Ligand SMILES: Cc1ncc(C[n+]2csc(CCOP(=O)(O)OP(=O)(O)O)c2C)c(N)n1
C-alpha cells in the first residue's frame with residue numbers, strides 16, 4: 026500500500042543522504058521524494074511517497090524519528106489532505122496532432138509553456154492521478170520527455186505542522 | 049582569550065570528565081597530539097586504530113562512561129570502522145574523533161582524505177563534520193549527550209586540520225538543545241498497569257533480558273522484579289551478566305546456543321517479558337515459531353526495536369530502570385493477587401526445574417584431552433566475582449557464555465551484535481585501564497587472538513596486567529563446527545595449519561607466556577597466570593573438534609534444538 030509522509034528536518038548538508046540512506050539500507054522503498062526549505066529557513070520539509078504494509082510503515086516512521094536531524098514525521102495515511110504534483114511534458118506536435126494536444130491541455134487546465142514547430146512543452150499540476158491521466162492521453166501523440174516533481178501534501182483544515190510545536 | 053580548535057577539543061573532553069583516551073597519531077591530528085602533551089588527559093597509544101576504538105568500547109562497557117578514541121584522517125579513520133560498527137551494534141556510548149584534511153581540500157581526493165562521514169553514517173548514532181571552529185564546543189557537547197542518552201551509541205566527529213588551528217573564544221554550552229532528539233525515559237503508566245495485569249494473569253511467565261539491562265545499570269531492579277513475580281529469567285549474550293547466573297531463577301542464555309531449559313521455557317511460556325532486548329535472529333531462531341503461546345510485553349528505550357522482528361502485545365517505551373521500578377511499585381499495590389499468582393505459577397517453576405535436571409549444561413569430560421569447557425569452569429573457579437571477562441568471537445565465546453557463571457553486571461564484555469573477532473584483547477585493554485586493580489581476562493581462540501595480537505605491546509607498555517587465555521584448537525573452530533555439521537566435514541580454510549608458539553610470542557613482547565597441554569596442567573597454569581604480574585598469555589591446547597552444544601540450527605525453531613553432536 027502507498028503512503029505519503031512529510032518529514033521536517035534540519036536544513037543542513039547531509040540530511041538528505043541520511044534519510045535516503047535509511048531507506049536504502051533497510052530495504053524500504055522510495056517512490057518519490059521532494060524537499061525544500063519551509064517558512065522557517067532552518068527547517069526543510071521532505072515529502073516521501075513510499076509503500077509497504079503497516080508494519081513496514083511503522084518501522085519507517087520510527088526509524089525516521091530516530092534520526093537526530095529529523096524533527097517531525099507526519100504520516101498522512103488515513104488523514105484528510107491535499108496532494109499536488111507538478112509535471113512538465115514535452116510532446117511531439119506534428120501538423121495533424123497540434124490541435125488535439127491543445128484540446129487535451131485545455132481540458133486538463135494545463136498550460137503550454139514552450140512551443141516549437143515540432144513540440145509543445147506542457148505544464149500541469151494536480152493530484153498524481155490527474156497527471157497520470159494526462160500522460161496517458163498525450164502518449165499516442167508521442168511524449169519526448171517527462172519530468173514529475175513527485176507529490177507534495179498538506180493536511181486539510183486550520184491545523185499546521187511546524188518544527189517547533 | 050581565544051583558543052585553537054585543538055585546545056578547545058581537549059578542554060571539552062576534560063569538562064566531560066574524560067580521563068583516558070585511546071588513539072593513534074597522524075598528520076591531520078598532529079596539533080591535537082601536540083596539545084595533548086600539556087593536557088591532564090591520559091592517552092593510550094594502541095598499535096592499530098581498530099584496537100583504539102575497541103579499547104574505548106571496552107572502557108565504556110566496563111565503566112558505563114563514554115569511551116573516547118582518536119585517529120588521523122584517511123587510513124586512520126577507515127581503520128576505526130570495524131570498531132565503530134561493533135560499538136553501534138551493541139549500543140556502546142563512544143565519541144570518536146577523526147582528523148580530516150583542511151576544509152578547502154575536502155572533496156579533492158587530497159592526501160589521506162576519506163569521506164569518513166559518509167562511510168560511518170550507517171554505523172554511528174550520529175556524526176558531525178565540523179566546518180567552523182565556532183561550532184566545535186557545541187558539537188562536542190551534543191556528541192557526548194547523544195552518545196550516552198537514549199539508546200546509547202557511537203558518535204563520530206570529523207575535525208578538519210584547519211578547524212583545529214583556527215581560534216575562537218571558548219565557552220562550553222551548559223545545556224543541550226536538539227529539537228529532533230528527545231528520548232523517552234519515563235514509561236507510560238497506563239502501559240505499566242496493563243503489564244502488571246498481564247503478569248498477574250500469567251501462569252507461565254518468563255523474563256527475557258537483553259543488553260539494555262546492563263546499559264541502564266538496571267540489574268538491581270531486574271532482580272527485585274524477577275523475585276517479586278518469581279518468574280524464571282533468561283538472558284541474551286549481551287544480558288548475561290545483568291542477572292546472577294547462580295540465582296535460582298536463572299536459566300542462562302537462550303537462543304542458538306542457549307540452554308535446553310531456557311529454550312523450552314520460552315517455547316512453552318504464556319507471557320514473555322522482554323527487557324531491553326531486540327529479538328535478534330540468533331535469539332529467536334525461526335521468528336514465526338518463537339514463543340508461540342506467549343503474549344509478549346516489550347520494554348525498550350528504542351521504539352524501533354519494538355515490533356521489528358516479532359509481534360508484540362504490549363510495548364512500553366522507556367528507560368528500563370524507570371519502567372521496572374514502576375512495575376515493582378504497581379505490583380506492590382496488589383500484594384494479595386500477586387501472592388496468589390506466585391502460588392499458581394509454582395507448577396511452572398517445577399516444570400522448568402524438570403527441564404533443568406533433564407538436560408543441564410554439560411560436556412563430556414576427559415582425562416587425556418583438555419576440554420575447552422573445563423578451562424572456562426576452572427577460570428571461573430579461580431577468579432573473583434568482579435573479574436572482568438572479555439571474549440573474542442567463536443566457540444570459546446559461546447562456551448564462556450555457557451559455562452562461566454557471571455554474577456555481577458558489566459563483567460562480561462563481548463561483541464554480540466556484530467560478532468567481531470579481535471574485540472576481546474583491546475576490549476580487555478580498555479577495561480583494565482579503567483580498573484587497574486581488577487582481574488581482567490580475555491578468553492580467546494587462536495584465530496581471533498591473531499586479529500589484534502599487536503595489542504600485547506600496548507599492554508606491556510602501559511603495564512596493563514590483562515591475562516589472555518587462548519583456547520587453542522588450531523581451527524577457526526566455530527566455522528569448522530558448521531562445516532562439520534552442515535558441509536559434510538569439508539574443512540575449507542578453517543584449519544590454522546601453521547602452529548604458533550604463543551609462549552614465545554608473549555615473550556617477544558616482554559609479556560609472560562604459559563602453556564597447558566594436558567588437563568592436569570590447566571589449574572596450575574591459571575593459578576600461575578593470575579598470580580604473575582603484568583600481561584600473561586595462557587595457552588591451552590584443547591581438544592580440537594569439540595562442538596558447542598546445544599545448538600539450534602540456523603532457521604530452525606528453538607524447540608528444534610540439537611542436544612549433542
Ligand atoms: C572479523 C571476523 N571475521 C570472520 C568472522 C567469522 N567467524 C566467526 S567465528 C570464527 C572462528 C573463530 O575462530 P577462533 O578465534 O579460533 O575461535 P574458536 O571458534 O576456535 O573458539 C570466524 C572466522 C568473524 N566473526 N569476525
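Residue numbers (my numbering), protein chains in the order written: chain V, 26 to 190; chain W, 49 to 613. Backbone N, C-alpha and C define an ideal beta-carbon position, used for all residues, glycine too. From a predicted model like this one, the values you see are computed outputs, not experimental measurements.
Same chain only: Cβ atoms within 6 angstroms of residue i, ignoring 5 sequence neighbours per side
i, result
"residue 112/V", "149, 156, 173"
"residue 82/V", "28"
"residue 615/W", "It is not possible to answer for residue 615/W, since the shown part of chain W is limited to 49 through 613."
"residue 260/W", "324, 368"
"residue 577/W", "515, 562, 584, 586"
"residue 466/W", "133, 134, 137"
"residue 390/W", "278"
"residue 286/W", "258, 259, 464"
"residue 100/V", "30, 86"
"residue 153/V", "110, 176"
"residue 447/W", "420, 421, 424"
"residue 505/W", "95, 557"
"residue 145/V", "116, 118, 126, 137"
Where residue i falls, given that 16 or more other Cβ within 10 Å makes a residue buried
i, result
"residue 543/W", "exposed"
"residue 202/W", "buried"
"residue 121/V", "exposed"
"residue 341/W", "exposed"
"residue 412/W", "exposed"
"residue 80/V", "exposed"
"residue 401/W", "exposed"
"residue 97/W", "buried"
"residue 326/W", "buried"
"residue 181/V", "exposed"
"residue 85/V", "buried"
"residue 366/W", "buried"
"residue 581/W", "exposed"
"residue 406/W", "exposed"
"residue 196/W", "buried"
"residue 458/W", "buried"
"residue 110/V", "buried"
"residue 91/V", "buried"
"residue 50/W", "exposed"
"residue 166/V", "buried"
"residue 56/W", "buried"
"residue 141/V", "exposed"
Sequence-distant residues of its chain with Cβ nearer than 7 angstroms to residue i (five each side left out)
i, result
"residue 125/W", "119, 146, 162, 164"
"residue 94/V", "34, 35, 37, 40, 43"
"residue 63/W", "220"
"residue 525/W", "442, 443, 493"
"residue 604/W", "333, 334"
Presumed contact (8 angstroms Cβ cut-off) between residue i and residue j, rounded CB distance
i, j, result
"residue 279/W", "residue 253/W", "4 angstroms"
"residue 364/W", "residue 239/W", "5 angstroms"
"residue 463/W", "residue 134/W", "5 angstroms"
"residue 250/W", "residue 318/W", "6 angstroms"
"residue 283/W", "residue 208/W", "About 44 angstroms; that fails the 8 angstroms criterion."
"residue 357/W", "residue 335/W", "6 angstroms"
"residue 175/W", "residue 204/W", "4 angstroms"
"residue 281/W", "residue 298/W", "6 angstroms"
"residue 271/W", "residue 453/W", "At roughly 15 angstroms, the Cβ-Cβ gap does not stay under 8 angstroms, so residue 271/W and residue 453/W are not in contact."
"residue 567/W", "residue 418/W", "5 angstroms"
"residue 611/W", "residue 598/W", "5 angstroms"
"residue 519/W", "residue 590/W", "5 angstroms"
"residue 301/W", "residue 289/W", "The Cβ separation is near 11 angstroms, so there is no contact."
Cutoff 8 angstroms; reference residue i; Cβ partners in own chain excluding five residues on either side
i, result
"residue 615/W", "Because chain W here runs from 49 to 613, residue 615/W falls outside it and cannot be looked at."
"residue 96/V", "33, 34, 35, 68, 188"
"residue 501/W", "473, 553"
"residue 89/W", "58, 61, 62, 66, 67, 68, 69"
"residue 241/W", "378"
"residue 163/V", "114, 116, 126, 129, 147"
**OP:** Could you tell me which uninterrupted alpha helix (DSSP H) segments, each at least 4 residues in length, are contained entirely in the region 311-381 of chain W, listed from first to last along the chain?
**Re:** 329-332, 368-380
Subject >> Meets three-Cβ-pair contact criterion under 8 angstroms: the region 484-502 of chain W and the region 166-185 of chain W >> reply: no
Original post:
What runs of the beta strand (DSSP E), each 3 residues or longer, lie entirely inside the region 486-531 of chain W?
Top reply: For the beta strand (DSSP E) assignment, the uninterrupted runs of no fewer than 3 residues enclosed by the region 486-531 of chain W are, from N- to C-terminal side, 488-493, 515-520.
Original post:
In chain order, which alpha helix (DSSP H) runs of at least 4 residues are fully inside the region 242-326 of chain W?
Top reply: 260-263, 267-277, 308-316
Subject >> Unbroken stretches of the beta strand (DSSP E), 3 residues or longer, contained in the region 63-101 of chain V >> reply: 68-76, 95-100
Original post:
Is it true that the region 507-525 of chain W meets the region 481-491 of chain W, where meeting means three or more beta-carbon pairs spaced less than 8 angstroms apart?
Top reply: yes
Original post:
If we count Cβ pairs, one from each stretch, closer than 8 angstroms, do we get three or more for the region 297-317 of chain W versus the region 344-353 of chain W?
Top reply: no
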